[in-house]
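This report concerns only the one structure given below.
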Amino acid sequence: MLLSVNNLSTHFNAGPGKIARAVDGVSFDLQQGKTLALVGESGCGKTQTAFSIIKLIAENGFHPSGKVFFEDQDLSELDEKEMCQLRGNDIAMIFQEPMTSLNPLFRIGDQLQEP
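Next up, the structure:
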C-alpha cells in the first residue's frame, strides 16, 4: 500500500472551550500506480485532510485520532527534518488553482472523465 489513512481526525482550538472539527474519522487506502482525488464542497475538509497527511497543520491544530502510513512507514513517528525530506520528493500536494478548478455548472463526474 502506498498511502493508508486510518480514522484520521484533525481538530483546532477555536477559542476558550471551543473545538473546530475540520477532519473527523477519514479513512482511505491508495495503491501504487493509482490516483486519488479528494472532491467535495468548499470547507468540507479536503485541504485540512491533505495538510494533516503531510503534517502541515496550523499550531492550534491537533490529531485526537488516526494514523497515516506512507510506504508502510508511520508518518507520526517522523520528526520535522525527516518530513521535510519526504515532502516534495516522495509525497506532495497539488494546491487548488481557481482558474483551473471544477466548474460548478457541470457535474463533477463529467469534468473528471477523459475525452
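full-length UniProt numbering puts the first residue of the sequence shown at 1, with every later residue one more than the last. Don't be surprised by glycine CBs; every beta carbon is placed ideally from N, CA and C.
Check	Outcome
One or two residues paired with H11 in a DSSP bridge	R21 and F62
Span of the alpha helix (DSSP H) around G109	I108 to L112
From G109, Q113 and N103, residue whose alpha carbon lies closest to that of residue 174	Nothing about residue 174 can be read from this structure; the chain reaches only from 1 to 115.
Bounding residues of the alpha helix (DSSP H) (the contiguous stretch that carries M48)	Residue 48 is actually Gln in this sequence, not Met. Here the alpha helix (DSSP H) through Q48 covers K46 to I53.
Bridge-paired residues (DSSP) for S4	D29 and F69
Close-in-space but distant-in-sequence residues of the same chain around K46 (CB under 6 Å, 5 per side omitted)	L38 and G40
Residue of D110, G109, L105 and L8 minimising C-alpha distance to I54	L8
Residues that DSSP places opposite I91 in a beta bridge	R87
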